[in-house]
Each structure stands twice: as C-alpha cells, then as structure tokens.
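**Q** For the sequence shown, the positions run 418 to 725 when our numbering is used. We put the CB at the ideal spot given by N, CA and C, even for glycine.
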Amino acid sequence: MKQIVALAGGVGAARFLDGLARIVKPQRLFIISNTADDAELHGLHVSPDLDTVTYTLAGLAHPAHGWGLAGDSFQCLQALGRLGAETWFQLGDRDLATHIYRTERLRQGVPLSRITAETCSALGVRAKVVPMSDDPVRTRVRTPRGEIDFQTWFVRRRAHDRVLSVRFAGAAQARPAPGVLDAIRSAAAIIICPSNPIISIGPILAVPGIREALRSTAAAVAAISPLVGGRALKGPAARMMKSMGLRASASQVAELYRDFVNVFVLDRRDANLVPEVTAMGMRTLVANTIMSDLHAKKALARAVVEAL
Ligand code: FO1
418 MKQIVALAGG VGAARFLDGL ARIVKPQRLF IISNTADDAE LHGLHVSPDL
468 DTVTYTLAGL AHPAHGWGLA GDSFQCLQAL GRLGAETWFQ LGDRDLATHI
518 YRTERLRQGV PLSRITAETC SALGVRAKVV PMSDDPVRTR VRTPRGEIDF
568 QTWFVRRRAH DRVLSVRFAG AAQARPAPGV LDAIRSAAAI IICPSNPIIS
618 IGPILAVPGI REALRSTAAA VAAISPLVGG RALKGPAARM MKSMGLRASA
668 SQVAELYRDF VNVFVLDRRD ANLVPEVTAM GMRTLVANTI MSDLHAKKAL
718 ARAVVEAL
C-alpha cells in the first residue's frame with residue numbers, strides 16, 4: 418500500500434499525527450521531522466521535534482506539555498543545577514536516556530535517521546519517523562539583541578525577543594535523509610501538519626530537493642493551517658510572522674505554500690478566507706482544526722485524508 422507522507426514540527430504536528438495514526442495503518446505513515454530545533458545541552462544531542470512525535474505516537478508524551486515524557490522526574494537536572502550547570506531546558510530523567518543513547522550512537526558514526534528508527538522500534542512506534550536530514554541544520558534567530566540559536570530564543574528567553582529574520586544554518590549543504598525524496602515522489606498523499614510555517618516546516622523545505630520534490634510529485638498535497646482566527650493554536654507563530662513583516666493569517670500560511678499545496682485546510686472560524694485561498698489556485702477544506710480531544714484529532718485526520 419502506498420505511503421502517506423507528513424511534514425512535521427513539534428507538538429501541533431504530533432497531535433494531528435496521533436489522530437492520523439489511528440485512522441490509517443501507522444505502517445503507512447512516513448513522517449519527515451524538523452531537526453533544525455536540535456540543540457546540544459550538557460554535551461547531549463537533543464532532537465525535540467523528533468522526540469515529541471515519537472513519544473506521542475508511542476503514547477508516552479507528557480499530556481499537558483506535549484513534549485517530554487509523562488510522569489518523568491527531574492532529579493538529574495536538579496543535581497546538574499547544584500553543580501552550577503544551566504537548567505533552563507527541562508530535561509527529564511527518562512527523557513535523558515533518549516539523549517544519552519542518541520549522542521552515543523552519533524559518536525559511533527551512526528546517522529540520525531538510523532538512530533531514530535532504533536528508538537521508534539524500541540518504543541513500539543510503527544510509523545516511520547525520519548529526520549529531514551542526517552546533516553546538521555540549525556535555526557538561528559536574528560533579534561534586535563543579535564543572533565541566537567532557536568532554543569535560547571524559544572525556551573531560555575521565552576520567545577520575548579522580536580524576530581527580525583531566521584536562517585537555517587547548514588541547510589544549503591544538507592542532503593535529505595535516505596528515503597525522503599523517494600517517499601515524496603511515490604506517496605499516495607502528502608500532508609503538511611499544522612506546524613509553524615517559518616521555523617518548523619520552513620527548515621524542512623530549505624533542505625535542497627525537498628521543496629522541488631513536493632512541487633513535482635504526482636501525489637496531492639494538503640496543508641493544515643496552524644493559525645486560527647489570526648492566532649496560533651500553540652507557540653509563537655502569529656507574533657513571529659507579524660514581526661517578520663508577514664500577516665498573521667491562515668491565508669498568509671497558504672501563500673507561503675502556494676507553489677506545492679493543492680488542498681489548504683482552514684478552520685471553520687476562518688471560512689471567510691476561502692475566496693482568498695481559492696484565488697491562489699488551491700482547493701480548500703473547512704474543518705474543525707482545534708484538536709481538543711482524541712475524537713477531534715481523528716475527525717480532522719479523516720476529513721483531510723478524504724479530501725486528498
Ligand atoms: N519547551 C519549553 O518550552 N521548555 C522546556 O524546558 C522544554 C524542554 C524540552 C525537553 C525535551 C524536548 O524534547 C522538548 C522540550 N521543549 C521544551 C520543547 C521544545 O523546545 C519545542 O517545543 C520545540 O523545539 C519546538 O517545536
């Protein structure tokens with residue numbers, strides 16, 4: 418059976434994929450994950466978006482945060498704090514095991530895509546979760562106080578600094594991870610998850626070859642707006658878009674994707690934007706995109722799959 422390919426950021430994407438993996442066989446899912454948020458903390462390689470999707474599909478994610486593990490403790494972080502180490506990034510004790518394992522395997526020369534397959538298999542995740550690239554790509558955020566790495570801007574400074582621009586260091590030299598381009602070319606359907614178009618989907622599209630493959634694939638491509646009524650359901654997308662001189666609107670998201678998306682999914686509250694999006698040459702699907710519970714997640718996933 419042909420695969421359904423999804424491009425995914427963190428928590429918003431994971432919520433949608435949780436619904437999708439319950440209405441189609443999870444083995445059919447090929448999930449391309451953003452790795453430009455990856456960071457080195459306490460000498461460990463942390464891949465937040467990969468882990469958020471993996472933990473969610475494994476049924477292990479922290480229910481309130483969406484990232485990290487449910488019921489985790491933070492004794493190691495507290496002990497690090499006593500030693501004078503920085504503790505602004507909340508790494509739980511069991512979560513740390515993932516980062517220790519990943520870091521050790523990377524040091525052995527194993528590519529991130531293979532390590533991700535190993536962790537997925539160990540946690541019982543049947544969907545294929547693949548980093549966008551095995552090569553390092555890092556989001557750098559330009560603020561009035563200078564350029565900083567993504568997690569410093571997002572977590573340490575709580576996304577307070579105004580974003581003037583972002584760049585994805587290393588993207589131009591990065592190669593798509595093994596299987597990514599073939600999956601896009603031969604997919605039954607492709608879904609851009611409701612993630613931040615600038616910092617979550619943007620880095621995936623910046624890996625040479627991926628955007629071109631999306632433009633030329635025979636598969637229909639749907640994108641779900643992460644903005645509802647001009648506001649992000651989760652995260653700083655709306656504020657970030659405004660400070661970068663873009664409109665904080667679902668139709669602006671559609672415009673960012675107009676060269677490769679066939680079906681744009683708008684929330685019911687944004688039904689008034691249908692003519693604007695249609696004029697860009699896309700079909701629209703108006704649905705409830707607020708995934709407040711499992712029923713809503715599955716209903717949205719079903720509506721998107723049917724539209725494709
Ligand atoms: N987000 C936070 O807002 N604060 C944290 O302390 C934090 C820790 C963390 C640990 C592991 C992990 O996988 C993710 C974590 N996140 C945290 C989420 C992460 O910073 C962002 O959600 C993504 O990078 C954006 O998609």
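Should Asp676 go down as buried or exposed, given a rule of 16 or more other Cβ atoms within 10 Å for buried?
**A** By the 10 Å Cβ count, Asp676 comes out exposed.
**Q** If you compare alpha carbons, which of Ile601, Met708, Asp489 is closest to Val638?
**A** Ile601
**Q** Nearest by alpha-carbon distance to Lys714: which of Ile615, Ala438, Gln492 is it?
**A** Ala438
**Q** Kindly indicate which three-state DSSP category His737 falls into: helix, strand or coil?
**A** Because the chain spans 418 through 725 in this model, residue 737 falls outside it and cannot be assessed.
**Q** Would you say the beta carbon of Asp489 comes nearer than 7 Å to a heavy atom of the ligand FO1?
**A** no
**Q** Short of 7 Å in beta carbon distance, which residues of its chain neighbour Ala576, apart from the five on each side in sequence? Order them along the chain.
**A** Cβ contact annotation for Ala576 (same chain, cutoff 7 Å, sequence separation greater than five): Trp570, Pro653, in chain order.
**Q** Go through the region 615-691 residue by residue and report every complete run of the alpha helix (DSSP H) that reaches 4 residues or more, in order.
**A** 618-623, 627-633, 654-660, 667-673
**Q** Figure out for me which residue from Ala586, Arg519, Asp468 has the closest Cα to the Cα of Glu564.
**A** Closest option to Glu564, Cα to Cα, is Ala586.
**Q** Leu446: beta carbon under 7 Å from a heavy atom of the ligand FO1?
**A** no
**Q** Consult DSSP for Leu540 and reduce its assignment to one of helix, strand or coil.
**A** coil
**Q** Use the C-beta contact count for Leu508: other C-beta atoms within 10 angstroms, 16 or more gives buried, fewer gives exposed.
**A** buried
**Q** Apart from the five residues on each side of it in sequence, which residues of its chain come closer than 8 Å, Cβ to Cβ, to Ala481?
**A** none
**Q** Do the region 516-531 and the region 493-505 meet, that is, are 3 or more Cβ pairs less than 8 Å apart?
**A** No: the two stretches stay apart, fewer than three of their Cβ pairs being nearer than 8 Å.
**Q** Does at least one heavy atom of the ligand FO1 sit under 7 Å from the Cβ of Pro417?
**A** An answer regarding residue 417 cannot be provided, because it is not within the stretch 418 to 725 covered by the chain.
**Q** Quick one: using the 10 Å Cβ neighbour count with 16 as the cut-off for buried, is Asp466 buried or exposed?
**A** buried
**Q** The alpha helix (DSSP H) that contains Ser603, what's its start and end?
**A** 597-603
**Q** For Cys705, which residues of its own chain have a beta-carbon under 8 Å away from its beta-carbon, when the five flanking residues on both sides are left out?
**A** It is worth fixing the name first, because residue 705 is Asn in this sequence and not Cys. These residues qualify, in order along the chain: Asp684, Arg685, Ala713, Ala716, Leu717.
**Q** Is Leu508 near the ligand FO1, going by C-beta to nearest heavy atom under 7 Å?
**A** yes
**Q** Could you give the C-beta distance for Asp468 and Thr504, rounded to a whole number, given that I count them as a contact under 8 Å?
**A** Between Thr504 and Asp468 the Cβ distance is about 19 Å, and since that is not below 8 Å, they are no contact.
**Q** Please list, in chain order, all residues of the same chain as Ala606 whose beta carbon is under 6 Å from its beta carbon, the five residues on each side excluded.
**A** Ile421, Ala636, Ala637, Leu725
**Q** Just to confirm the assignment, what range does the beta strand (DSSP E) spanning Ile608 have?
**A** 606-609
**Q** Quick check: the Cα distance between Leu458 and Met697, rounded to an integer number of angstroms?
**A** 43 Å
**Q** Just list the residues that DSSP pairs Asp566 with in beta bridges.
**A** Arg557
**Q** Hey, would you say the C-beta of Ser617 is under 7 Å away from at least one heavy atom of the ligand FO1?
**A** yes
**Q** If you follow the alpha helix (DSSP H) that Thr471 is in, where does it begin and where does it stop?
**A** 465-474
**Q** On the CB-based measure, 16 or more other CB atoms within 10 Å of its CB, does Leu581 come out buried or exposed?
**A** exposed
**Q** Kindly indicate which residue of Pro611, Val691, Pro620 has the alpha-carbon position closest to the one of Met708.
**A** Pro611
**Q** Express the C-alpha separation of Asp710 and Leu663 in angstroms, rounding to a whole number.
**A** Their Cα atoms are separated by approximately 31 Å.
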